[in-house]
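See structure below.
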Amino acid sequence: MKLKRFFSVLNGAAMALLFATPAFAAAGDTPDTRADWDELWHEVLVDITVIGVIFIVAAIYMLIRFKATNPEQVGTATRLTTANAIGWALIPAAIFMADDFYLAAKGWTVWDHQRTVPENAMEVKVTGYQWYWEFEYEDGTTTDELKVPVGTPVVLRMTSDDVIHSFGLPYYRLTEDVMPGRITYIWFNPIEEVETLVTCREFCGNSHSEMFTAVEAIAPAEFEKWLAEQG
Amino acid sequence: MSTATTTHDQEAFNLKEWIFTTDHKRIGVMYLIGSMAAFAVAGMMALMMRLEQANIGAQFIETGTDYNEWLYFHGAAMILAFLIPGLTGFAANYFLPLMIGAADVAFPRINAFSIWLFYFAIVLALLSVVVPDTPDIMWTGYPPYAVTTEGNTSFYVFTVHLLGFSSILGAVNFLVTVIYMRAPGMGWNQLNIFVWTTLAAFVLQLVFIPVLAAAVTLLLFDKYLGTHFFDPAAGGDVLLYQNLFWFYSHPAVYVIFLPAVGILFEIIATMAKNQIFNYKVCVYGGIGGVVAIGGEVWIHHLYVTGMPDWLRIGMMISTLLISVPVGLIVMSLWGTLWRAAISYNVAMMYSVAMLYLIMVGGLTGIPLAMTSLTVHLSETSFIHAHFHFIMGLFSTYAVFAAVYYWFPKMTGRMADNGWARISFWLNFIGINVTFWPLFIIGPQGMPRRYWNYEMFPQFEAYHEVATVGAFLTAAGVAIMIINWITSAISGPKAPANPWNSRSLEWTHAPNPPGPGNFPEAVTVADDWTPYDYNK
Ligand SMILES: [Cu+2]
């Protein structure tokens with residue numbers, strides 16, 4: 000009975016995950032995907048550091064402990080019995096798989112946040128050129144740097160005029176390619192005033208490493224003033 | 000003609016005999032020489048790039064394109080002209096027939112044709128560096144850039160064609176060799192792990208190379224014949240290329256990784272005088288598992304290309320699951336050290352370093368497998384450091400370790416001396432000094448493939464350190480190559496089986512083996528394995 004209930008819950012959860020295509024999340028509880036990323040990154044760092052330390056310490060121990068004392072000496076490990084051989088396959092495989100699924104579930108949650116654009120997001124169109132960025136605001140104003148008001152999520156709808164570029168926004172922990180003939184999007188939540196930058200993250204030729212510009216989150220009043228001045 | 004008796008290795012050097020040889024051992028040596036030539040030039044480019052990156056702003060390039068040309072050559076040559084031929088050309092050719100007790104490969108003349116194609120490709124690749132319109136398209140050759148650039152993309156395409164053709168012929172040759180030419184009595188579960196990994200690599204080559212060949216051919220058509228396969232303005236699609244390219248090029252990582260693992264197993268089992276821990280699980284679960292899953296993960300190279308969200312999650316899961324077969328291989332590597340009797344030579348020192356490289360390189364792949372983390376790590380120096388550890392360094396060390404381990408077999412002489420150890424420590428320290436700073440600044444936003452980083456002045460010290468590391472590595476490698484050459488000419492004579500191996504190439508063939516390899520036909524007993532030390 001318990002088992003049956005467990006499976007029905009599991010099934011429900013799986014269905015929800017499969018069909019809950021994140022379209023638009025309700026406003027109000029806008030996630031901070033930058034903090035999400037940092038939290039996940041630290042968890043994964045701990046995970047891989049623990050695994051790495053266990054294996055490296057085990058290797059160092061054996062490399063010293065089992066040093067040959069004379070040239071005629073041979074190893075004394077014996078052939079595994081079938082049961083042991085299967086055990087030594089299934090148990091490690093189960094542990095690795097459990098870790099994989101644990102990380103996948105964590106990653107999926109953050110992914111949903113990263114791909115679910117809040118309803119109240121301000122849209123900015125981004126176009127990549129060899130070798131500069133152009134931003135177009137909802138009122139038609141175009142600029143060569145990106146300024147956004149603090150407190151409003153921003154969704155960037157991006158395309159390229161020539162070759163593939165990539166919009167790398169290290170402060171907000173985001174990147175997405177910018178391609179001719181395709182429109183991609185990312186969104187971020189500027190929760191505090193900050194001066195940061197975007198760099199190109201897909202090789203695009205001669206001045207690829209100079210294709211960067213300012214990205215600034217500023218006070219809403221200041222933003223309105225700035226936008227009006229651009230026109 | 001002299002009346003004195005001459006053994007094989009004392010015969011006068013005859014260039015014509017080498018060029019027209021059909022002997023798998025000479026072909027193997029020629030693969031080693033050709034791939035080391037590619038390695039040397041591509042390594043030189045790496046040093047130039049590290050010098051350029053050491054400080055902010057242009058150091059000695061005239062334009063960014065200069066740097067991009069070196070970067071293109073470095074990547075393309077290291078992967079296609081050094082690692083793949085170094086492992087599936089040199090190591091497979093020289094050692095695989097010996098390990099299975101065969102006199103040669105199944106089709107020696109086709110084997111000779113393969114090495115000719117390889118040399119044509121190397122010459123073509125080197126020519127591309129001196130022409131005025133050197134390719135600058137990265138080893139990936141993504142359109143539209145590869146189509147619209149002034150760089151000569153055709154060099155890239157034709158080099159890939161030649162190497163691909165060479166590899167396909169090699170694949171058929173070695174599959175047939177292993178299936179039909181094993182010594183009488185040698186069952187599948189008695190094969191050296193290196194034979195299995197080579198087999199797996201060639202299966203991947205056979206299945207996936209045609210896809211790469213198709214992709215680059217369409218690139219050629221787009222650039223020179225006016226087609227629009229990848230041009231969205233005329234109904235094409237830029238991502239079609241990336242899908243085709245990585246459909247091959249992710250498995251290509253295993254084409255490199257698996258034979259490198261095979262070499263590691265041979266050296267560790269011999270030097271630890273131990274049987275392979277859980278042999279069948281390692282072969283069928285580990286190596287077989289990598290082959291089975293390796294073709295279903297390529298989207299992790301396209302995590303930030305606007306692919307459907309569900310696909311990026313699906314391939315996150317399949318990519319993470321690669322840790323299962325690779326984990327089984329790692330268990331067998333570690334288990335082979337248990338209750339062992341380990342002695343250390345230079346080959347074993349490289350092998351121990353490889354255990355460290357597989358750990359760091361493999362584990363740093365886990366955050367990159369996760370879509371939601373890669374949206375920030377993509378194209379940063381973190382990924383650059385990751386694939387240098389797991390693919391570049393791990394597999395390069397496999398080639399170096401193989402040369403040291405089988406040096407007595409190939410030359411009849413020893414190269415295991417003080418210089419070998421000095422050069423090991425120089426280059427092992429060097430690679431760590433080079434790549435750890437890149438692991439650190441990547442997650443802070445340092446993009447890869449940048450010659451200039453004026454927007455990130457805080458990273459300059461890290462780049463300076465990395466550049467020092469590159470020169471330490473280069474010094475180590477230079478000493479190593481000089482040591483190989485002088486030892487091959489005048490090193491001390493090697494005993495017949497210097498590491499007391501049980502594998503056929505050591506127990507049944509002279510150093511170096513003459514034509515036909517074995518003085519007497521080899522048969523093996525039912526309970527023989529290449530690793531039965533504890534008997
Ligand atoms: Cu760009």
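Protein chains in written order, with numbering that gives the first Met the number 0: chain A, 0 to 230; chain B, 0 to 534. Using N, Cα and C, we set each Cβ at its ideal position, and we do this for glycine too.
Not a single CB atom of chain B sits nearer than 8 Å to the CB of F187 of chain A. Nearest in C-alpha terms to W418 of chain B, of all of B:H462, B:A474, B:P407 and B:M409, is B:A474. Judged by DSSP in its simplified three-state form, R447 of chain B adopts coil rather than helix or strand. The closest heavy atom of ligand 1 lies 7 Å or more from the beta carbon of W225 of chain A. Within chain A, M178, P179, G180 and R181 have C-beta atoms less than 9 Å from the C-beta of P231 of chain B, given in sequence order. Taking C-beta atoms as the reference points, T183 of chain A and G305 of chain B count as a pair closer than 8 Å. At a cut-off of 8 Å between C-beta atoms, H375 of chain B counts as an interface residue with respect to chain A. Buried is the label assigned to Y404 of chain B, since at least 16 other Cβ atoms lie within 10 Å of its Cβ. Following the DSSP letters along the chain, one finds I484 of chain B inside the alpha helix (DSSP H) bounded by residues E459 to S489. Between the C-alpha atoms of A218 of chain A and G468 of chain B there is a straight-line separation of about 45 Å. Under the DSSP assignment, Y403 of chain B falls in the alpha helix (DSSP H) whose first and last residues are F393 to Y404.
When CB distances to chain B are screened at a threshold of 7 Å, the residues of the region 91-109 of chain A falling below it are P91, A92, F95, M96, D99, L102, A103, G106, W107 and V109, in chain order.
Judged by DSSP secondary structure, R200 of chain A falls outside any alpha helix (DSSP H); it is assigned neither H nor E. The Cβ atoms of E504 of chain B and A53 of chain B do not sit closer than 8 Å to each other. Within 9 Å of the CB of W36 of chain A, the CB atoms of chain B belong to S371, L372, V374 and H375, in sequence order along the chain. In this model, M270 of chain B and G225 of chain B are separated by some 58 Å (Cα to Cα). Cβ neighbours of D221 of chain B within its own chain (closer than 7 Å, five residues either side excluded): P142, V146, H227, F228, F229 and D230.
Under the Cβ distance rule, T216 of chain B does not count among the residues neighbouring chain A, no pair being separated by less than 8 Å. Assignment of M157 of chain A by DSSP, reduced to helix, strand and coil, places it in the strand class. For G150 of chain A, the closest Cβ of chain B is not nearer than 8 Å. Exclusion of the five residues before and after H387 of chain B leaves F434 as the residues of its chain whose Cβ lies within less than 6 Å of its Cβ.
Listed along chain A is no residue with a C-beta nearer than 8 Å to that of W505 of chain B; the closest approach is about 15 Å. Using a Cβ-Cβ cut-off of 8 Å, P169 of chain A counts as an interface residue toward chain B, since at least one Cβ of chain B sits closer than that to its own.
Ranked by Cα distance from V215 of chain B, the options B:L161, B:R181, B:I167 and B:L97 are led by B:L161. The beta carbon of V398 of chain B lies closer than 6 Å to those of G85 in the same chain, with the five residues before and after it left out. In the DSSP assignment, P324 of chain B falls within the alpha helix (DSSP H) that extends over S322 to G334. For L320 of chain B, the neighbours in chain A by C-beta distance under 8 Å run, in chain order, M96 and D99.
Here DSSP, grouped into helix, strand and coil, assigns A213 of chain A to strand.
For the C-beta of R448 of chain B, the chain A residues within less than 7 Å are, from N- to C-terminus, F202 and H207. Exclusion of the five residues before and after R64 of chain A leaves no residue of its chain whose Cβ lies closer than 7 Å to its Cβ. For secondary structure counted as the beta strand (DSSP E) over 3 or more consecutive residues, the region 32-115 of chain B holds no complete run.
Taking a contact as a CB-CB distance under 8 Å, the pair A80 of chain B and S153 of chain B does not count as one, their CB atoms being some 17 Å apart.
Closer than 7 Å to some heavy atom of ligand 1: that does not describe the Cβ of E175 of chain A. When secondary structure is reduced to three states using DSSP, W132 of chain A falls in the strand class. Residue pairing from DSSP places S165 of chain A in a beta bridge opposite A:D176. Between the region 59-77 of chain A and the region 269-285 of chain B there are three or more inter-stretch CB-CB distances shorter than 8 Å, so the stretches are counted as touching.
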